[in-house]
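Student: Next up is a structure, given as structure tokens.
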Amino acid sequence: MKELGNKLGAPVVAYIANTTHPISAMMQPDVDAVMDFVKVASRNSKEVYLILESSGGDGNVAEKLLHVFREVFTKSFNVIVPNLAKSAATMLSIGADKIIMGTNSELGPIDPQIAVMLPSGQAQYVPAKSITGTLTKIKEEIEKNEKLATMYYPVLQQIRPETIKFCEDAIAFSTSFAKRWLKEGAMKGKSESD
Numbered sequence: 030m031k032e033l034g035n036k037l038g039a040p041v042v043a044y045i046a047n048t049t050h051p052i053s054a055m056m057q058p059d060v061d062a063v064m065d066f067v068k069v070a071s072r073n074s075k076e077v078y079l080i081l082e083s084s085g086g087d088g089n090v091a092e093k094l095l096h097v098f099r100e101v102f103t104k105s106f107n108v109i110v111p112n113l114a115k116s117a118a119t120m121l122s123i124g125a126d127k128i129i130m131g132t133n134s135e136l137g138p139i140d141p142q143i144a145v146m147l148p149s150g151q152a153q154y155v156p157a158k159s160i161t162g163t164l165t166k167i168k169e170e171i172e173k174n175e176k177l178a179t180m181y182y183p184v185l186q187q188i189r190p191e192t193i194k195f196c197e198d199a200i201a202f203s204t205s206f207a208k209r210w211l212k213e214g215a216m217k218g219k220s221e222s223d
């Protein structure tokens with residue numbers, strides 16, 4: 030890392046999650062851990078490179094990390110994605126001044142993932158838009174044919190009203206996040222149509 034930092038002319042910080050582990054999401058405790066590295070890296074530089082490898086996690090954590098990097102490294106905050114930065118990691122990336130990627134690197138959609146409990150008691154993460162989209166589709170089908178209401182009733186009983194609102198709020202947050210941070214980061218100085 031030190032050698033790479035010397036070549037880039039700025040310190041390098043790594044945030045690498047075990048993407049094969051089922052609980053490798055970006056979480057609040059990560060902010061504290063990253064802060065320790067930021068304190069060391071910021072002693073001699075106002076520019077930083079973050080090596081980022083994560084399948085995502087909490088969008089609020091991505092925003093907190095962005096605030097930290099942007100406030101401390103006022104000259105330049107750059108992200109290197111050697112392999113993948115999905116979901117909340119993509120959100121963190123789009124707030125950077127520069128995203129450096131290779132031919133095998135990938136970003137992902139920024140759609141929030143919602144934990145849904147399976148009958149087995151395990152949590153499965155599904156896109157919030159799939160929940161709201163399914164409800165919209167069911168509503169449209171019932172409006173076309175009211176007899177389908179009895180068929181969909183057991184499905185609709187499994188969806189809690191607060192989950193619907195949570196999904197809508199999470200989708201609104203990720204959309205707002207992307208617009209706000211793209212203007213500050215990767216799309217700085219460009220129009221919204223770009």
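Quick note: to get the working numbering, add 29 to the position in the sequence shown (first position is 1). Cβ atoms here follow ideal geometry from the backbone N, Cα and C, with glycine treated the same way. Owing to the predicted nature of the structure, the values given are computational and were not obtained by experimental measurement.
Which two residues bound the contiguous alpha helix (DSSP H) that contains Ser227?
Tutor: As displayed, the chain neither begins before 30 nor continues past 223, which places residue 227 out of reach and without an answer.
Student: What residues match up with Ile45 in a beta bridge as DSSP calls it?
Tutor: For Ile45, which the question treats as bridged, DSSP gives the partners Glu82.
Student: Is the Cβ-Cβ distance between Leu177 and Glu170 less than 8 Å?
Tutor: yes
Student: Can you name the residues that DSSP bridges to Leu136?
Tutor: Ala114
Student: Say whether the stretch 186-196 touches the stretch 112-126, bearing in mind that this needs 3 or more beta-carbon pairs closer than 8 Å, one atom from each stretch.
Tutor: no
Student: Going by the CB atoms, is the gap between Asn107 and Asn133 shorter than 8 Å?
Tutor: no
Student: Is it the case that the Cβ atoms of Leu136 and Ile109 are separated by a distance below 8 Å?
Tutor: no
Student: Using DSSP with H/G/I as helix, E/B as strand and the rest coil, what is Gln151?
Tutor: coil
Student: Going by the DSSP bridge assignment, what does Ala144 pair with across the sheet?
Tutor: In the DSSP secondary-structure assignment, Ala144 is bridged to Tyr154.
Student: Under 7 Å Cβ to Cβ from Lys158, same chain only, skipping five residues before and after it: list those, please.
Tutor: Asp140 and Ile200
Student: Classify Pro138 as buried or exposed, calling it buried when 16 or more other Cβ atoms lie within 10 Å of its own Cβ.
Tutor: exposed
Student: Return the first residue and the last residue of the alpha helix (DSSP H) that Ile129 is part of.
Tutor: Unbroken run through Ile129 is the beta strand (DSSP E), Lys127 to Met130; no alpha helix (DSSP H).
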